[in-house]
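Asker: Numbering that gives the first Met the number 0 numbers the first residue of the sequence shown as 0 and each following residue consecutively.
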Amino acid sequence: MQYLTTWNFNNLPQEERKKLYKESRLPDGKTLREYWIFAEDKEIEIAPGVFFPAWTYNGQVPAPTIRATEGDRIRIHFTNKGTKPHTMHFHGIHNASMDGAMTEDFVYPGKSFTYEFEAEPFGVHLFHCHSVPIKQHISKGLYGAYIVDPKNDTRIKPDRELVMVMNAFDTNFDEENEVYAVNSKAFYYALNPIKVKKDELIRIYLINIVEFDPINSFHLHATFFDEYRTGTRLEPNAYTDIVSMVQGERSIIDVRFKYSGMYMFHAHVSEFTELGWMGFFEVVE
Numbered sequence: 000m001q002y003l004t005t006w007n008f009n010n011l012p013q014e015e016r017k018k019l020y021k022e023s024r025l026p027d028g029k030t031l032r033e034y035w036i037f038a039e040d041k042e043i044e045i046a047p048g049v050f051f052p053a054w055t056y057n058g059q060v061p062a063p064t065i066r067a068t069e070g071d072r073i074r075i076h077f078t079n080k081g082t083k084p085h086t087m088h089f090h091g092i093h094n095a096s097m098d099g100a101m102t103e104d105f106v107y108p109g110k111s112f113t114y115e116f117e118a119e120p121f122g123v124h125l126f127h128c129h130s131v132p133i134k135q136h137i138s139k140g141l142y143g144a145y146i147v148d149p150k151n152d153t154r155i156k157p158d159r160e161l162v163m164v165m166n167a168f169d170t171n172f173d174e175e176n177e178v179y180a181v182n183s184k185a186f187y188y189a190l191n192p193i194k195v196k197k198d199e200l201i202r203i204y205l206i207n208i209v210e211f212d213p214i215n216s217f218h219l220h221a222t223f224f225d226e227y228r229t230g231t232r233l234e235p236n237a238y239t240d241i242v243s244m245v246q247g248e249r250s251i252i253d254v255r256f257k258y259s260g261m262y263m264f265h266a267h268v269s270e271f272t273e274l275g276w277m278g279f280f281e282v283v284e
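1. Just the C-alpha distance for D101 and H88, rounded to the nearest angstrom, thanks.
2. Locate the alpha helix (DSSP H) running through F271, then write down its first and last residues.
3. Helix, strand or coil: how does DSSP classify Q59 here?
4. Identify, in the order they occur along the chain, each residue of the same chain with its Cβ nearer than 8 Å to the Cβ of S259, setting aside the five sequence neighbours on each side.
5. Please state if the CB of I206 and the CB of V178 are separated by a distance shorter than 8 Å.
6. Assign I201 to one of three DSSP states: helix, strand, or coil.
7. Assign Y188 to one of three DSSP states: helix, strand, or coil.
8. Is the region 228-239 touching the region 174-192 in the sense that three or more CB pairs, one from each, lie closer than 8 Å?
9. Would you kindly work out how many angstroms separate the C-alpha atoms of P213 and Q13, rounded to a whole number?
10. Do I201 and D158 have their C-beta atoms closer together than 8 Å?
11. Determine which residues share a DSSP beta bridge with S23 and list them.
12. Can you tell me whether L141 is helix, strand or coil according to DSSP?
13. In or out: A95 buried (at least 16 other Cβ within 10 Å) or exposed?
14. Under three-state DSSP, which class holds I133?
15. In this structure, does DSSP put E14 in helix, strand or coil?
16. Can you tell me the Cα-Cα spacing of R72 and Y20, whole angstroms?
17. Could you say which of E270, G81, T272 and T4 lies nearest to Y56 if we only look at CA atoms?
18. Give the secondary structure of L219 by DSSP, where H, G and I count as helix, E and B as strand, and everything else as coil.
19. Between V147 and G109, which are expected to be in contact by the criterion C-beta below 8 Å, what is the C-beta distance as a whole number of angstroms?
20. So what does DSSP say about M97, is it helix, strand or coil?
21. Does the structure place the region 166-181 close enough to the region 219-227 that three or more beta carbon pairs sit under 8 Å?
22. Report yes if the C-beta distance between R249 and H124 is below 8 Å; otherwise report no.
23. For H265, does the count of other Cβ atoms within 10 angstroms reach 16, so buried, or fall short, so exposed?
24. Please list the terminal residues of the continuous beta strand (DSSP E) segment that includes D225.
25. What is the residue span of the beta strand (DSSP E) that R154 lies within?
26. Regarding F89 and the ligand NAP, is the C-beta to nearest heavy atom distance less than 7 Å?
27. Using 8 Å for Cβ pairs, my map puts V106 next to H85. What's the rounded Cβ distance?
Below is the structure:
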């Protein structure tokens with residue numbers, strides 16, 4: 000449950016957090032946000048008693064969420080502690096030298112590289128490894144959420160914010176997924192429903208990073224919501240109860256529950272639901 004509401008390592012004790020994240024002011028008045036990110040091979044639990052040999056950023060899948068305000072300076076000190084060449088490729092606007100996509104950008108085991116760029120445009124984005132074969136590096140777990148808040152946000156401030164990364168795992172390495180989830184653990188939010196209050200504004204940062212399947216979706220039962228496609232506009236694109244996405248697409252969802260009770264959310268690809276991608280909101284008075 001912790002990943003759902005965590006960004007910029009705000010779940011860590013202050014002394015531990017300082018080793019991975021630092022904020023300071025640049026001479027031009029802009030905020031500098033520094034991160035210490037490392038790649039490492041690590042086994043993770045993707046369902047009760049089911050473990051997957053993942054490639055991770057900072058030992059977790061999805062990676063720690065990176066969050067900034069539009070115009071902030073982002074500096075990422077990346078070290079590869081894994082066994083394969085890796086990179087960090089951000090969806091956003093930046094200099095080509097910071098793109099982490101070309102062969103010459105590969106960071107080999109034991110090596111480091113510093114990425115630096117301005118946070119733009121505002122919206123919900125993602126980052127992932129771009130080493131080849133890309134499908135292997137993504138499907139093994141090297142991806143995370145990158146949120147850029149608008150400098151001048153005219154939207155209503157949410158009561159709660161949630162990060163949801165729709166992902167999947169190819170457990171027998173045949174390029175077909177056997178386990179589907181949100182935030183890596185199959186059926187986790189079915190067994191541990193997300194508790195929210197009736198009528199409060201919930202903002203969901205939704206990302207699809209499922210490899211090997213061409214389309215995924217998010218469907219919320221008995222409720223409609225505002226969808227901000229990619230989050231790059233301050234007015235919603237749709238009022239709906241389902242969002243369909245190809246790999247790499249993302250949206251911001253603003254939802255209020257009118258009634259209390261248990262509300263299911265899941266992929267509207269039935270196979271994905273049956274293999275782990277479903278959960279519940281528990282709405283209380």
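C-beta: ideal position from N, C-alpha, C; glycine also.
Answerer: Result, derived from the coordinates:
1. Looking at the sequence shown, residue 101 is not Asp but Met. Cα to Cα, the separation comes out at about 10 Å.
2. S269 to E273
3. strand
4. K197, V282, V283 and E284
5. no
6. strand
7. helix
8. no
9. 41 Å
10. yes
11. L31
12. coil
13. exposed
14. helix
15. helix
16. 13 Å
17. G81
18. strand
19. About 31 Å separates the two Cβ atoms, so there is no contact after all.
20. helix
21. no
22. yes
23. buried
24. F224 to R228
25. Careful: R154 lies outside any beta strand (DSSP E) and carries neither H nor E.
26. This structure lacks the ligand NAP, and indeed carries no ligand of any kind.
27. 6 Å
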